[in-house]
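For the sequence shown, this note's numbering gives the first residue as 13, with consecutive numbering after it.
Note sheet for the following structure.
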Amino acid sequence: MKYIHITFLLFFIGCSSSLPDESLPLADHLKIGMDFLDQGKFVKAQDEFKFILSRGTGTDYGDDAQFFLAEAYFLNEQYMLSIQEYENLTRKMAFSPFFEKARFRICEAYRIESPNYYNDQSYTEKALERYREFLDDFPESEHSKTVSESMSVLRNKLAKKLYETGILYMKMDEFEPARMSFNQVLDLYYDTDIIESVHYEVIKSYLKQGNDKKARSHWINKGRDSIKQEKLVLELTEVFSQKEI
């Protein structure tokens with residue numbers, strides 16, 4: 013029993029020694045936290061920044077600690093926790109020099125959490141919403157190009173999900189539901205990389221239903237200007253040349 017007490021005491025002392033030293037001024041804690049951050053010791057950095065926030069909220073040190081606590085979570089790939097801390101800054105410290113960077117990081121965190129297209133896309137939609145808000149509020153931001161590129165990737169992902177839903181309906185010969193999915197892509201994600209394939213599938217759905225007239229109408233009025241792949245153009249041109257409509 014005596015050895016158990018000694019072991020527990022040594023364990024407690026070891027843990028205590030890793031906690032922030034309360035005798036140090038906040039400036040030192042900030043420096044220590046930043047050093048840990050630079051060294052990739054993100055959990056230790058988090059402890060230092062949390063200590064500053066518990067003692068110095070409302071001070072310049074608290075402002076810095078709030079942002080770098082969020083950064084420590086972000087760099088440690090704890091993205092949802094980082095969002096909470098960035099949002100604490102944007103809600104409470106609107107005049108912080110880190111305000112714009114925090115807003116950008118929130119967007120990035122949601123983007124990183126966005127899953128493959130076949131999974132639930134709530135985080136994808138959230139990321140797009142936050143990116144749009146960011147561009148509205150910071151149109152001249154140095155991050156604008158990155159934001160636009162990320163939005164394009166996310167929009168393609170949402171378009172892909174709808175497209176694949178349509179393809180699934182096509183395989184089941186459910187042509188009306190298939191076109192509903194395809195038309196959503198055409199209405200909402202008209203600038204994405206998948207548009208040619210969507211127009212092609214709409215035309216194919218009409219042809220499979222035997223509705224040659226609507227197939228040709230879609231080709232002439234919409235598809236012909238959008239479909240650029242030579243293989244698809246030749247295929248559809250040949251199909252319609254063989255039909256008397």
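Where a beta carbon is used, it is the ideal one built from N, C-alpha and C, also for glycine.
Backbone CA spacing between A187 and K216 [nearest angstrom]: Correcting the residue type first, residue 187 is Phe in the shown sequence and not Ala. Near 9 Å, if we compare the C-alpha coordinates of K216 and F187.
Taking the alpha helix (DSSP H) that Y98 belongs to, which residues open and close that run? Y91 to K104
Given a cut-off of 7 Å, decide if A171 and D197 are closer than it, judged by their beta-carbon atoms. Strictly speaking, residue 197 in this sequence is Val, with Asp absent from that position. Yes, these two residues count as a Cβ contact at 7 Å.
Just checking my contact of L87 with G74 at CB under 8 Å: how many whole Å lie between their CB atoms? Rounded, the Cβ-Cβ distance is 20 Å, inconsistent with contact.
So K113 is in the alpha helix (DSSP H); what residue range does that whole segment cover? F111 to E125
Between which two residues does the alpha helix (DSSP H) holding L36 run? Unbroken run through L36: none, as it is neither H nor E.
Report the three-state DSSP secondary structure of Q58 (helix, strand or coil). helix
Look at the Cβ atom of A139, then the Cβ atom of L166, and state whether they are nearer than 7 Å. Using a Cβ distance threshold of 7 Å, A139 and L166 count as a contacting pair.
Of the choices I44, K56 and A39, whose alpha-carbon is the least far from that of D72? A39
Would you check if the distance between the CB atom of E208 and the CB atom of Q241 is smaller than 7 Å? yes
Go through its chain and collect everything with a Cβ distance to S238's Cβ below 8 Å, but skip five positions before and after it. Answer for S238: I207, E208 and H211, listed in chain order.
Can you have a look at G235 and say buried or exposed, based on whether 16 or more other CB atoms are within 10 angstroms of its CB? With 16 or more Cβ atoms within 10 Å of its Cβ, G235 is classed as buried.
Can you have a look at R103 and say buried or exposed, based on whether 16 or more other CB atoms are within 10 angstroms of its CB? exposed
Along the chain, which unbroken stretches of the alpha helix (DSSP H) at least 4 residues long are found entirely within the stretch 149-190? 156-183
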